[in-house]
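Here is the structure we will look at.
Residue numbers (this note's numbering): 36 to 418.
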């Protein structure tokens, strides 16, 4: 390592010593790192293992009088749905078994007899659901913004003009915005453009749906609250399992005129789970205080990336208008050996075979070490 560069890298240790609060030294000294002390450099959630999940669920049940639900009706699920509706500023909310189903049923309800739906070309709905909306709900998806996170109001207006002027007039019933977009490494949809499109849609009587699977993570980067995001959309989907660690589920929130009766459609699509109280209980546990914990993790990661970028064996690629994902490239070192050494120091990381580049994902586990400890672990693993 170049000595000057190394001094700059090591100097970052002192400058970042105050960030982070859970040291790993004692766990490492014993030769094993407990699962709840490991920093996961990928994934949105904390990577809870089955045994940990079962133990947590048992503790949560011991701490309160849990009321069972019946096919997602009543009990813990009903209170959970009400909590979400209030959180997102909507009239009501419905528990769904998956985000794929939540998105489709929202679009199906919003579109009604107007079967065309505008979607981002790089969206999950358009690319990763096996044409479910087309096959199962008879919707025609119209992709905009090829290769981009954001499509524009002008592009929407062009579609509306073209569809209205065809030999057989057709109408757009709904518009989808996904933000962040996972296929674009967590890039955000431009917020000002989203508001312009939302205003246009309301003027035209077109439903607006937000695929906000990672909405609460996005808020830590934008400073825009989930409720403020949601105010510009009729319906909003948020994932329950990705970073609230409950294993399954999604929430679909919106007005009663759209979601009333949705439980029947959910059942028709085979989405009526026998019980959901367990997922609701765990998700609510991790929701409480999530904003503060994740914001802390983001602050740690930003300081860590700034310091790591000084290391001659590391290349950092930040995603423009991005969120929790960053590309890290190892240069002139054996990446597999680095992964092994980091694992011994309480940092979980994997590199695709034959590649020296890995996508880091910030999650709550980044709070388990201070920035100085993270930097030191990487320095020791790279030499």
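Backbone N, C-alpha and C define an ideal beta-carbon position, used for all residues, glycine too.
A quick note: this is a predicted structure, and the numbers were derived from the prediction, not measured.
Residue 96 sits exposed, since fewer than 16 C-beta atoms from the chains shown fall within 10 Å of its C-beta. Rounded to the nearest angstrom, the Cβ distance from residue 382 to residue 407 is 14 Å, too far for a contact under 8 Å.
In this chain, residue 206 is not harboured by any alpha helix (DSSP H), its DSSP state being neither H nor E. Secondary-structure assignment with DSSP links residue 131 through a beta bridge to 285.
Burial state of residue 203 is exposed, judged by a 10 Å Cβ sphere holding fewer than 16 other Cβ atoms.
Remark: C-beta atoms of residue 236 and residue 216 do not approach each other more closely than 7 Å. In this structure, residue 137 sits near residue 285, with a CB-CB distance shorter than 7 Å.
Of the candidates 402, 173, 397, the residue whose Cα lies closest to the Cα of residue 277 is 397. Counting other Cβ atoms within 10 Å of its Cβ, residue 139 reaches 16 or more and is therefore classed as buried. Within the same chain, 127 come within 8 Å of residue 295 by CB-CB distance, once the 5 residues on both sides are set aside. Residues 185 of the same chain have their beta carbon placed closer than 7 Å to that of residue 225, with the five preceding and five following residues left out of the count.
For residue 170, the enclosing alpha helix (DSSP H) begins and ends at 167 to 172. Taken through DSSP and simplified to helix, strand or coil, residue 304 comes out as coil.
Secondary structure note for residue 175: its beta strand (DSSP E) is the uninterrupted segment 175 to 179. For residue 287, the closest of 293, 299, 279, 272 by C-alpha to C-alpha distance is 272. Residue 166 sits away from residue 213, with the two beta carbons spaced by 7 Å or more.
Minimum Cα-Cα distance from residue 172 among the listed residues 121, 90, 69, 143 corresponds to 143.
Uninterrupted alpha helix (DSSP H) stretches at least 4 residues long and entirely within the stretch 224 to 298 occur at 226 to 239, 250 to 257, 261 to 265, 291 to 294, given in chain order. Taking each of 129, 275, 331 in turn and checking the Cα distance to residue 318, the smallest one comes out for 275. Taking a C-beta distance under 7 Å as the contact criterion, residue 394 and residue 360 qualify as a contact pair. The C-alpha of residue 290 is placed about 15 Å away from the C-alpha of residue 147.
Within a 10 Å sphere around the beta-carbon of residue 117 sit fewer than 16 other beta-carbons, which makes this residue exposed. Sequence-distant partners of residue 199 (beyond 5 residues in either direction) whose C-beta falls short of 6 Å from its own C-beta are missing from its chain. Residue 157 sits close to residue 219, with the two beta carbons spaced by under 7 Å. Taking 7 Å as the cut-off, the Cβ atoms of residue 403 and residue 72 count as close.
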